[in-house]
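Okay, so here's the structure we're looking at.
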Amino acid sequence: MQSRQPGGPGEVVERWDRVFAALSAEPRRQIVTELMDVAPGEAVSLPEAGTNPALETEPERLQTQLHHHHLPVLADAGLVQWERDPFRAYRGRDFEEVTIVLESLYANVDAMPDRLVRGCRRLEREREQERDDDGGSSGYGVKG
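Under full-length UniProt numbering, think of the first position of the sequence shown as 1, with each following residue one higher.
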């Protein structure tokens, strides 16, 4: 069995796996996005922060899913901290690991196919902002 050195290649691979696992479900992406929009140390209310307004969601069901699955995934990766009463989440010690991935996507939103942008409020907002900043040009012109 191969031993892992702190900060070695095995640990780096595990960190990337945790980041992408954290981003692999919509409620977790929504929570991370909401936390990016508040100051460090501030909380976001749950289950509201895990909701995508473009999707129908039963608040009680989402609350259960957040409590038993989504929040533990984020917390185990060190990305968020959360509490039950009041039900809310904060940035975790390694929050920047997940934000750099999303910020990179946002910075390149005009190069993304439309099918990956439509229905994602943050990407739609970022694309609109990018186009406003460019005077209405579409950048790369990639269509979905």
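Note that CB positions come from ideal geometry on N, CA and C, so glycine has one too.
Can you tell me where the alpha helix (DSSP H) holding residue i begins and where it ends?
i	result
residue 148	Because the chain in this structure spans residues 1 to 144, residue 148 falls outside the shown range and cannot be described.
Glu-60	59 to 65
Ala-75	71 to 76
Met-112	No alpha helix (DSSP H) contains Met-112, which DSSP labels as neither H nor E.
In angstroms, rounded to a whole number, what distance separates the CA positions of residue i and residue j?
i	j	result
Pro-53	Gln-30	10 Å
Ala-77	Asp-94	8 Å
Arg-18	Val-98	9 Å
residue 159	Arg-121	Since the first residue shown for the chain is 1 and the last is 144, residue 159 is missing from the structure and cannot be characterised.
Ala-75	Glu-42	16 Å
His-69	Ala-21	12 Å
Ser-45	Ala-39	14 Å
Gly-8	Glu-96	19 Å
Asp-114	Val-32	22 Å
Ser-3	Gly-135	Since pLDDT at Ser-3 reaches only 45, below the 50 mark, its modelled position is unreliable, and no value is offered.
Taking residue i as the reference, which of the options has the closest Cα?
i	options	result
Asn-108	Asp-94, Glu-96 and Glu-130	Glu-130
Pro-47	Pro-40, Glu-83, Arg-125 and Glu-14	Glu-83
Glu-56	Asp-134, Gly-119 and Arg-88	Gly-119
Asp-133	Thr-33, Glu-14 and Asp-110	Asp-110
Ala-25	Glu-96, Pro-59 and Val-73	Val-73
Ala-89	Val-12, Leu-105, Gln-63 and Glu-14	Gln-63
So residue i packs on residue j, CB below 8 Å; how close in whole Å?
i	j	result
Pro-27	Gly-50	4 Å
Val-80	Leu-71	7 Å
Leu-23	Val-101	7 Å
Glu-124	Val-117	6 Å
What are the boundary residues of the beta strand (DSSP E) that includes residue i?
i	result
Val-80	80 to 83
Ala-89	88 to 91
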